[in-house]
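Protein chains in written order, with our numbering: chain A, 118 to 200; chain B, 39 to 177.
For every residue, glycine included, the Cβ atom is placed at its ideal position computed from N, Cα and C.
Take a look at the structure below.
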């Protein structure tokens, strides 16, 4: 996990904007996109769904990815993870 | 490590419960679970080709049906058939139509049902699948 200041400096290798979908849309978008980045690269998932904010850390743990943390913006979340 | 398995006895033919099933399938797909769905009685009605896209019955809160359907649209929730299709594309999902259920709704062969269906089966296969499932649901 990174602190807020460190998260704000992360330039993700891939950014997925899933704000137009509800659960499980953002999680499925993340799963699709994770195949498009290499080990060690980072991904940022934009989601307006509160459930996704909780799902992605659990999903990362199960799949062996590193959950880096979440930034809360106005009306949505920026969720960071590393493959 | 072998994938975990979800077995779903899908009885309901109503879009509220089918939509819930679609959401759960999405969660299972995200985790690469193997999924076996057994389409029982009323669900077989919803899986008939002529009914899948037109059936808009709901099982719960029937007086709120219009509000519910409008909310699904507002939230960009995919139709249940689309959610099932996405899950099939992302993980190993097999959809079995119960032969008896099919006959109840005049569906005698696989071609009578939407393309998502893989085969027609007997209830013994459901029991065998449930016996070895990590998660077993009845909807």
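Spatially closest choice to residue 155 (chain B) from B:103, B:80, B:132, by CA coordinates: B:132
Of the listed residues B:128, B:86, B:109, nearest to residue 147 (chain B) (C-alpha basis): B:86
Which residue wins for smallest C-alpha separation from residue 162 (chain B), given the options B:138, B:143, B:177? B:138
Using a threshold of 7 Å, state whether the C-beta atoms of residue 112 (chain B) and residue 52 (chain B) are closer than that. no
Less than 8 Å between the CB atoms is what I'm expecting for residue 106 (chain B) and residue 54 (chain B), so what's the real figure, rounded? 7 Å
I'd like to know whether the C-beta of residue 200 (chain A) is nearer than 7 Å to at least one C-beta of chain B. no
Pull up the distance between the alpha-carbon of residue 49 (chain B) and that of residue 177 (chain A), whole angstroms please. 32 Å
Checking 7 Å against the spacing of the C-beta atoms, do residue 179 (chain B) and residue 45 (chain B) come in under that value? One cannot answer for residue 179 (chain B) here, as it falls past the ends of chain B, which runs 39 to 177.
Checking the sheet assignment: what are the DSSP bridge partners for residue 47 (chain B)? B:76, B:176
Quick check on residue 68 (chain B) - is its C-beta less than 7 Å from some C-beta in chain A? yes
Excluding the 5 residues preceding and the 5 following residue 166 (chain A) in the sequence, name in chain order all residues of the same chain whose CB lies nearer than 6 Å to its CB. 139, 140, 143
Whole-angstrom distance between residue 116 (chain B) and residue 110 (chain B), CA atom to CA atom: 8 Å
CA-CA distance, residue 100 (chain B) and residue 153 (chain A)? 43 Å
Check the Cβ-Cβ distances between residue 61 (chain B) and every residue of chain A, and say whether any is below 7 Å. yes
Determine, for residue 154 (chain B), whether the minimum Cβ-Cβ distance to residues of chain A falls below 7 Å. no
Check this for me: beta carbons of residue 150 (chain A) and residue 133 (chain A), under 7 Å apart or not? yes
Residue 164 (chain B), enclosing beta strand (DSSP E) - first and last residue: Element bounds for residue 164 (chain B): not the beta strand (DSSP E) but the alpha helix (DSSP H), 161 to 169.
Can you give me the start and stop residues for the alpha helix (DSSP H) that residue 128 (chain B) sits inside? 118 to 128
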